[in-house]
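First comes the structure, then the notes that go with it.
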Amino acid sequence: MFNPLLLTFYTVLSLKLVVTVFIFAGPAPASRLALLKFIVKKYGVITLLLALLSYGFVQFRRKRAEQLALEQQKEHVERRTRRSSKVEALLAVIQDQQKQYNQAAGLLQSRTEKFLAAQQTAHNQEVALKANSSTMQSTRGSELQALQSELMELKSAVVDTYLHPPVAKKEAEKVKDLPMEQRI
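For the record, in the sequence shown the residue sitting at position 181 is 181 according to the UniProt record's numbering, with numbers rising by one throughout.
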């Protein structure tokens, strides 16, 4: 079964090396059984038990290392998933802000066009009817001032919406409420 040269080699090996050889003795149970019998003859039952215990410990460490590697991989995937969901949420917030900004810009543009049209009409009427009464002019002037003030209000609303969007504040408050580990 065993080569005599191998048996002599086993006598020189330390207990750790015997365990290593036992692990890699081969898939055949006969070769492992022969190795066990040799250890019992040469070193005694205690050494055999220590060798088996060492073999079990090596197997336990190998399985534990595999288990830890799987846990680390799982944690890595979970972190990546959390980051992806946060990025998606932030992209949704940005898209919502962009929609709000575009709506405000469109409203501002229409108001600007109305203001410019009213101003042009007023200017044309002013040139054509210079002799018109002062009450008519003051009415038009007040209309222009009202449109101008409305335009300025809309402009400030657009700037406020763009610089301080309400959705971003809500998202920032949500992120503040999260524990530090989940903010990644």
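Cβ coordinates follow ideal geometry from the N, Cα and C atoms, glycine included.
Quiz item: With burial defined as no fewer than 16 other Cβ atoms inside 10 Å of the residue's Cβ, what is the status of LEU35: buried or exposed?
Solution: It counts as buried.
Quiz item: Between LEU50 and LYS42, what straight-line distance do the alpha-carbon atoms span, to the nearest angstrom?
Solution: Distance between LEU50 and LYS42, taken at the CA atoms: about 14 Å.
Quiz item: Are ALA118 and LEU154 closer than 9 Å when you measure CB to CB?
Solution: The answer is no: Cβ separation not under 9 Å.
Quiz item: If we ignore side chains and look at the alpha-carbon of each, how far apart do THR112 and HIS76 end up?
Solution: Cα atoms of THR112 and HIS76: separation of roughly 53 Å, rounded to the nearest angstrom.
Quiz item: Nearest to ARG140 by CA position, among LEU163, ALA128, THR121 and ARG80, is which residue?
Solution: Considering only alpha carbons, the answer is THR121.
Practice problem: Determine the DSSP secondary structure at GLY44, reduced to helix, strand or coil. | Solution: Reduced to three states, the DSSP call for GLY44 is coil.
Quiz item: How about TYR162 and GLN97: do their beta carbons lie closer than 9 Å?
Solution: A contact, by the Cβ cut-off of 9 Å.
Self-check item: Euclidean distance between Cα positions of residue 194 and GLU88
Solution: This structure gives no information on residue 194, because the portion of the chain shown stretches from 1 to 184.
Quiz item: Just to confirm, are VAL158 and LEU116 a CB contact at a threshold of 9 Å?
Solution: No; because the gap between Cβ atoms is not below 9 Å, this pair is not in contact.
Self-check item: Rounded C-alpha distance that separates GLY56 from ARG64
Solution: Distance between the alpha carbons of GLY56 and ARG64 is about 12 Å.
Self-check item: Rounded separation between LEU68 and ARG79 - CA only
Solution: Their backbone Cα atoms lie some 16 Å apart in a straight line.
Quiz item: By a C-beta neighbour count over all protein chains shown, 10 Å radius and 16 as the cutoff for buried, is ILE39 buried or exposed?
Solution: By the 10 Å Cβ count, ILE39 comes out buried.
Quiz item: Alpha carbon to alpha carbon, what distance is there between LYS74 and ARG62?
Solution: The straight-line gap from Cα to Cα measures roughly 18 Å.
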